[in-house]
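Student:
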Amino acid sequence: MPTVELSFSPLAAHVRTARLVATAVARRAGVEEALLDEVRLAVGEACSRAVALHARFAPGVAVQVRLTDEPDVFLVSVADQAGDHEDELEGGLESLDPDDLAAPDAEPGPLPSGFGLAVVTGLVDDTEVERTPNGTVLTMRWKATGTV
Amino acid sequence: MDLSLATKDEGDITVVEVGGEIDVYTAPKLREQLIELVSNGRYQLVVDMEGVDFLDSTGLGVLVGGLKRVRAHDGSLRLVCTQERILKIFRITGLTKVFPIHASVDEALTATD
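Protein sequence lines correspond, in order, to chains Z and H.
Those letters in the first sequence? Residues 1 to 148, by the numbering used here.
Those letters in the second sequence? Residues 149 to 261, by the numbering used here.
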């Protein structure tokens, strides 16, 4: 069973809550201090992605975050119920052209969808993306020395 | 909101001092500030990130949007940031290539590249 489970309304305001909880549990699980910023960013990106997808495809449905403290490993999984959606940046961060992204534009749009997910897979060594017809489960793992 | 913004004009350049966390919830506030500056004809911007504790891809997207807007008027958007944990997301996305990044506001104000 997960050590801590968090279920939150798909609102941008609660992504910070998820980041704070994940960082606290990671610290308690013995994840190295130097990695906690990575946990904070990765969990934030995963939750922001889920919130954005729920806003479009599953309004009012909670986002689920499961934080598990296992021997030597701290696991976070973020699950959305937004159905099966391709993220634009399947090629990951390597497929980005920064000059192209930053070209002059008087009415720029947001970064390509899938950018947040690409940041997670680029940043975290051990990630797993499981796509089901219901939605995606994004699992991230960090080395942990054991409960502090 | 967990984000503070302050602006100061230094001649043709406007310095935007950001504090707190720039994430999916707070980034729209920064976006609106940058849009307002551009619509007021301020095209030389310096964004001081030294007081920023957290930056995610939504925040990055707002900074890229700001850069694109000023560039449409031949302007510039420079960043002041010495925090490695904030610079990390710029590095892994290759965006250190497009944002001039400075160690201090003074350095950003006197840069000519």
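Beta carbons are placed, not taken as given, at the ideal position from N, Cα and C, and that holds for glycine.
From a predicted model like this one, the values you see are computed outputs, not experimental measurements.
1) Within its chain, find whatever has a CB closer than 6 Å to the CB of Z:Val137; leave out the 5 residues flanking it on each side and keep chain order.
2) Which residues share a DSSP beta bridge with H:Glu165?
3) Rounded to whole angstroms, what's the CA-CA distance from Z:Pro59 to H:Leu211? Just pull it up for me.
4) Going along the segment 44–67 of chain Z in order, which residues come within less than 8 Å of chain H, judged by CB to CB distance?
5) Name the chain Z residues that come within less than 7 Å of H:Tyr173, Cβ to Cβ?
6) Could you tell me whether the Cβ atoms of Z:Pro133 and Z:Gly91 are closer together than 8 Å?
7) In this structure, does DSSP put H:Ser224 in helix, strand or coil?
8) Within 10 angstroms of its Cβ, does H:Lys216 collect 16 or more other Cβ (buried), or is it exposed?
9) Hey, Z:Ser48 and H:Thr206: beta-carbon distance below 8 Å or not?
10) Around the Cβ of Z:Pro108, are there at least 16 other Cβ atoms within 10 angstroms (buried) or fewer (exposed)?
11) Can you confirm whether Z:Phe8, when its beta carbon is compared against all beta carbons of chain H, has any partner nearer than 8 Å?
12) DSSP has Z:Val63 in a bridge; who is on the other side?
13) Which runs of the beta strand (DSSP E), 3 residues or longer, sit entirely within the segment 206–261 of chain H?
14) Could you work out which residues of chain Z lie near H:Leu215, taking near to mean beta carbons separated by less than 7 Å?
15) In chain A, what lies closer than 7 Å to H:Ser224 by C-beta?
16) Between the Cα of Z:Ala144 and the Cα atoms of Z:Leu6, Z:Ala13 and Z:Gly30, which residue gives the shortest distance?
Tutor: If we stick to the structure as given:
1) Ser77, Ala79 and Glu130
2) H:Ala154 and H:Asp196
3) Going by the C-alpha atoms only, they are around 28 Å apart.
4) Gly44, Glu45, Ser48, Val51 and Ala52
5) Neighbours of H:Tyr173 across chain Z, judged by C-beta separation under 7 Å: Ala12, Ala13, Val15 and Arg16.
6) no
7) strand
8) The residue is buried, with at least 16 neighbouring Cβ atoms inside 10 Å.
9) In this structure, H:Thr206 lies closer than 8 Å to Z:Ser48 by Cβ.
10) Label assigned to Z:Pro108: buried.
11) Taking CB atoms only, Z:Phe8 has no neighbour in chain H less than 8 Å away.
12) Z:Phe8
13) If we require 3 residues or more, the beta strand (DSSP E) runs fully inside the segment 206–261 of chain H come out as 224–228.
14) Ala102
15) Note that chain A does not occur in the displayed structure, where the protein chains are Z and H.
16) Z:Gly30
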